[in-house]
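The C-terminal position of the sequence shown is numbered 64 in the numbering used here, with every residue numbered one higher than the one before it.
Built from N, CA and C at the ideal position, the CB exists for glycine as well.
Notes for the one structure printed next.
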Amino acid sequence: MTDSREAAVITEALGVIDKALGEMLQRELVSTGEVADLLLDVRLLLTTSATASTPEA
């Protein structure tokens with residue numbers, strides 16, 4: 008993966024996290040489903056990036 012692509016994926020993942028944290032901090036309770044969704048979104052971004060950078064044999 009190129010450094011610029013990797014940086015873009017990290018920036019996007021951080022954006023997803025920051026947005027979700029901003030929404031969650033305004034509430035007293037956050038469901039486990041919402042936390043799981045956030046973690047899955049971040050995981051998807053990172054695994055898609057890793058898969059795209061793996062050369063095919």
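- Counting only unbroken stretches of 4 or more residues, no alpha helix (DSSP H) element lies wholly within the region 17-43.
- The beta carbon of VAL23 is closer than 8 Å to those of LEU45, ASP48, VAL49, LEU52 in its chain, skipping five residues each way along the sequence.
- One Cα belongs to LEU36, the other to ALA20, and the distance between them is close to 23 Å.
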